[in-house]
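Numbering (our numbering), first residue to last: 111 to 202.
The structure is reproduced here in structure tokens:
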């Protein structure tokens, strides 16, 4: 299993970019998944309904889906965490 923990950029389908902290894993079959943590609580509304996008790590992108847009785990002061499933090759 391969893991990545560090900075990433979520590239939304509408062209917006959001800085995030990623914790990702990739298994021997190449499937990958993980969580994205957003510390800026003002982003909550912008990220609420994102169901897919791209993740950029060190100039390498990977597509993902977010199967459950109600998956937020957050406290009122943040951070917000979303779960993602990779679609295709991992960006790490």
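Even for Gly, the Cβ is constructed at its ideal location relative to N, Cα and C.
Cβ separation of residue 167 and residue 122, assumed to be a contact under 8 Å, to the nearest whole Å: Actually they do not touch by this definition, with Cβ atoms about 16 Å apart.
Nonlocal neighbours in the same chain, by C-beta distance under 6 Å from residue 145, ignoring five residues either side: These residues qualify, in order along the chain: 133, 191 and 193.
Top-ranked residue by Cα proximity to residue 195, from 125, 160 and 129: Just measuring C-alpha positions, the residue of 125, 160 and 129 sitting nearest residue 195 is 160.
DSSP-derived helix/strand/coil call for residue 179: Coil, per DSSP.
CB of residue 172 within 8 Å of CB of residue 198, strictly: The Cβ atoms of residue 172 and residue 198 lie closer than 8 Å to each other.
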